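Data block below; observations after.
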Amino acid sequence: MAHYDFNLPIGEADARRLAVNDTVTLNGTLYGIRDATQIHMFDHGRKTHFDMKGHAVVHTAPNVKKVEKSAEHPSGYASICIGTTTSARMERFTRPLMEEYGVRIIIGKGGLSQGSADAFRDVGGVYLAIVGGAAALETTWVEQIEDVDLDDLNPESLWKFRVKGFGPLLVSMDSHGGSLYTQVNNAARDKRAAALAYLGVKA
Amino acid sequence: MKIDLKQVEDACKELYIRALKLLPPDIKAGFARLDAAETDATGKAILGTMIRNIKVAEQNENLLCQDTGIPIYNVRIGSGVEVDGYALKQAIVKGCERATREHPLRSSVVHPLTRANQHTSSGRLVPVINIDFVPDAETLSIEMIPKGSGSENNSWLRMAVPADGVDAIKTFVIDCVLDAGGKTCPPTIVGVGVGGTADLCVHLSKVAATRPLGSSCEDPEGAKLEAQLTRAVNQLGVGPQGLGGDSTSFAVHVETAATHITMNPVAVNMQCHSARRARATFTRSGLEYGF
Numbered sequence: 003m004a005h006y007d008f009n010l011p012i013g014e015a016d017a018r019r020l021a022v023n024d025t026v027t028l029n030g031t032l033y034g035i036r037d038a039t040q041i042h043m044f045d046h047g048r049k050t051h052f053d054m055k056g057h058a059v060v061h062t063a064p065n066v067k068k069v070e071k072s073a074e075h076p077s078g079y080a081s082i083c084i085g086t087t088t089s090a091r092m093e094r095f096t097r098p099l100m101e102e103y104g105v106r107i108i109i110g111k112g113g114l115s116q117g118s119a120d121a122f123r124d125v126g127g128v129y130l131a132i133v134g135g136a137a138a139l140e141t142t143w144v145e146q147i148e149d150v151d152l153d154d155l156n157p158e159s160l161w162k163f164r165v166k167g168f169g170p171l172l173v174s175m176d177s178h179g180g181s182l183y184t185q186v187n188n189a190a191r192d193k194r195a196a197a198l199a200y201l202g203v204k205a
Numbered sequence: 018m019k020i021d022l023k024q025v026e027d028a029c030k031e032l033y034i035r036a037l038k039l040l041p042p043d044i045k046a047g048f049a050r051l052d053a054a055e056t057d058a059t060g061k062a063i064l065g066t067m068i069r070n071i072k073v074a075e076q077n078e079n080l081l082c083q084d085t086g087i088p089i090y091n092v093r094i095g096s097g098v099e100v101d102g103y104a105l106k107q108a109i110v111k112g113c114e115r116a117t118r119e120h121p122l123r124s125s126v127v128h129p130l131t132r133a134n135q136h137t138s139s140g141r142l143v144p145v146i147n148i149d150f151v152p153d154a155e156t157l158s159i160e161m162i163p164k165g166s167g168s169e170n171n172s173w174l175r176m177a178v179p180a181d182g183v184d185a186i187k188t189f190v191i192d193c194v195l196d197a198g199g200k201t202c203p204p205t206i207v208g209v210g211v212g213g214t215a216d217l218c219v220h221l222s223k224v225a226a227t228r229p230l231g232s233s234c235e236d237p238e239g240a241k242l243e244a245q246l247t248r249a250v251n252q253l254g255v256g257p258q259g260l261g262g263d264s265t266s267f268a269v270h271v272e273t274a275a276t277h278i279t280m281n282p283v284a285v286n287m288q289c290h291s292a293r294r295a296r297a298t299f300t301r302s303g304l305e306y307g308f
């Protein structure tokens with residue numbers, strides 16, 4: 003269990019160094035991405051001008067306020083509350099994000115499934131667990147909304163954040179086939195029979 | 018007692034914002050209870066972050082969670098309350114829309130087919146408005162619940178049959194908790210509806226999931242079942258965020274309704290750890306906010 007501080011972007015070797023139960027804190031650029039963003043990118047063929055090679059994406063659709071563009075708010079948006087959504091809905095986009103855009107890190111809550119675990123193994127990437135529902139805290143790690151693309155999908159635009167001390171986040175799926183979600187889920191299913199017996203359910 | 022609808026509109030705006038920022042005291046107490054008992058290191062660290070987040074939200078007057086949810090307003094009208102029902106519904110919708118535009122809040126509500134977002138947190142039949150009549154004299158209360166999608170996407174109905182018995186209900190609840198894993202943002206409140214028609218059963222599961230911690234089902238049979246189920250789901254080890262630990266759920270809540278001789282329906286709806294709700298109560302002495 004090691005801790006890493008990363009300035010993004012990172013390379014394949016950095017991603018492959020990580021193992022489940024390590025922790026990571028991120029600095030620099032972080033992209034915010036969501037259901038509609040990826041449906042439009044991968045199902046409707048839309049492209050982004052952002053270079054996400056070696057970068058991290060967080061599953062989010064933030065609360066923002068439209069403001070005048072300025073040095074402080076170059077995107078024309080000020081953040082109100084930025085938090086993380088359930089990743090499972092976006093499972094099928096992990097591989098194309100990695101193969102077509104070079105994304106190395108996916109940040110979310112609740113975990114991803116086998117298809118993503120395979121992509122992390124094949125391409126070299128990780129899933130970092132953030133504490134879902136802790137958005138007031140997460141917002142304090144975001145310094146600025148630098149830019150935005152595909153903004154007709156607002157709030158599910160593709161957001162470019164500048165973050166500082168974003169974490170610590172828990173490596174919960176790695177490139178070596180490790181997944182804390184699978185481990186916990188299997189262990190919980192092993193306890194199913196005992197829980198039912200406790201409830202007096204006839205086998 | 019005559020109700021001032023402008024005051025209702027203002028309160029419904031205020032309620033949405035309050036619910037998103039201030040966690041009710043019973044949920045905070047629930048966190049303290051789970052945190053004191055948690056034995057898993059990861060689970061304990063996650064609970065610590067959640068508790069810290071509640072404080073940061075209060076200090077920064079920020080939203081607890083970015084998910085502004087589907088807005089639900091539960092209205093209870095007491096005896097001797099004079100109000101135009103249709104105008105009351107309009108005032109609620111207006112208050113909800115104003116909260117979204119004026120704070121501003123992320124509108125999480127879209128058309129189900131076109132996915133178009135009006136950026137008002139409203140649309141056809143949304144906000145959800147439930148109206149009930151209660152015996153409380155000269156009292157109108159409005160409870161606001163922003164229901165997050167992480168937990169709402171994990172909702173189930175099973176039309177079991179009488180031959181399946183109570184065992185079917187118990188097994189169903191355990192399997193729903195296993196299926197949900199970390200997707201519902203545990204620790205959760207597991208709401209279980211038992212009996213009624215299919216739609217009433219699902220509605221009861223939502224009532225159960227959003228009931229304050231520490232409250233019990235009014236039906237003693239339901240109360241017995243919820244106490245048993247609470248202990249059983251917390252033996253599974255799903256833990257905070259599905260990453261392992263003792264704290265899978267704050268509680269299982271059960272609500273019951275009479276059902277048909279041929280039916281045995283059970284529904285499960287979950288509330289995430291950001292179990293948000295706010296209440297406004299109108300009486301002769303004025304308007305009071307609470308939980």
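Chains as they are written, first to last, in the working numbering: chain C, 3 to 205; chain P, 18 to 308.
Note that CB positions come from ideal geometry on N, CA and C, so glycine has one too.
Predicted model only: the values in this text are computed from it and were never measured.
A straight line joining the alpha-carbon of P/Pro-282 with that of P/Gly-182 spans about 10 Å.
Judged by their CB atoms, C/Val-69 and C/Leu-32 are not nearer to each other than the 8 Å cut-off. Just measuring C-alpha positions, the residue of P/Glu-114, P/Gln-83, P/Leu-174, P/Val-255 sitting nearest C/Gly-85 is P/Gln-83.
For C/Leu-182, at least one C-beta of chain P is nearer than 8 Å to its own C-beta.
Contact check for P/Ile-34 and P/Ala-116: beta-carbon distance about 5 Å, within the 8 Å limit, so the pair qualifies.
Across the structure, P/Arg-294 and P/Arg-248 are spaced so that their CA atoms are roughly 25 Å apart. When DSSP states are grouped into helix, strand and coil, P/Val-127 belongs to the strand group. Contact annotation: C/Arg-19 and C/Glu-158 have beta-carbon atoms that are not nearer than 8 Å.
The beta carbon of C/Leu-155 sits closer than 7 Å to those of Ala-38, Thr-39, His-42, all from its chain and outside the five residues before and after it, given in chain order.
Of all residues in the stretch 193–209 of chain P, only Leu-195, Gly-198, Gly-199, Lys-200, Cys-202 come within less than 7 Å of chain C when Cβ atoms are compared, listed by chain position.
Going by DSSP, P/Ala-295 is part of the beta strand (DSSP E) stretching over 295–300. The continuous alpha helix (DSSP H) containing P/Lys-72 extends over residues 58–76. Judged by DSSP in its simplified three-state form, P/Phe-267 adopts strand. For P/Met-67, the C-beta contacts it makes with chain C under 8 Å involve Val-133, Gly-135, Ala-136, in order along the chain. The beta-carbon of P/Val-285 is placed no less than 8 Å from the nearest beta-carbon of chain C. Three or more pairs of CB atoms, one per stretch, sit closer than 8 Å, so the stretch 140–153 of chain C contacts the stretch 73–87 of chain C. Here DSSP, grouped into helix, strand and coil, assigns P/Gln-83 to coil.
Beta-carbon to beta-carbon, P/Val-126 and P/Ile-87 are separated by about 6 Å, close enough to satisfy the 8 Å threshold.
Counting along the chain, C/Leu-28 sits inside the beta strand (DSSP E) bounded by residues 25–35. Per DSSP, C/His-61 is one residue of the beta strand (DSSP E) stretching across 58–61. Beta-bridge pairing by DSSP links P/Asn-91 to P/Asn-147, P/Glu-160. With a 10 Å radius around the Cβ and a threshold of 16 neighbouring Cβ atoms, C/Ala-63 comes out buried. The Cβ atoms of P/Cys-202 and P/Gln-258 sit closer than 8 Å to each other. The alpha-carbon separation between P/Gly-231 and P/Ala-58 amounts to approximately 26 Å. In this structure, P/Val-250 sits near P/Ser-266, with a CB-CB distance shorter than 8 Å.
Annotation for C/Glu-145: Arg-164, Val-165, Lys-166 place their beta carbon closer than 7 Å to its own, counting only its chain and skipping 5 residues before and after. Counting along the chain, the unbroken beta strand (DSSP E) around C/Phe-8 starts and ends at 5–9. Burial state of P/Arg-228 is buried, judged by a 10 Å Cβ sphere holding 16 or more other Cβ atoms. In summary, the residues of the stretch 66–86 of chain P whose CB is separated from some CB of chain C by less than 9 Å are Thr-66, Met-67, Arg-69, Asn-70, Ile-71, Lys-72, Val-73, Ala-74, Glu-75, Gln-76, Asn-77, Asn-79, Leu-80, Leu-81, Cys-82, Gln-83, Asp-84, Thr-85, in the order they occur in the chain. In chain order, Glu-93, Thr-96, Arg-97, Ile-108, Tyr-129, Met-175 place their CB closer than 8 Å to the CB of C/Ser-118, counting only its own chain and leaving out the 5 sequence neighbours on each side.
Annotated three-state conformation of C/Ser-174 is strand, per DSSP. A Cβ of chain P is located within less than 8 Å of the beta carbon of C/Asn-187.
A straight line joining the alpha-carbon of C/Val-173 with that of P/Val-255 spans about 17 Å.
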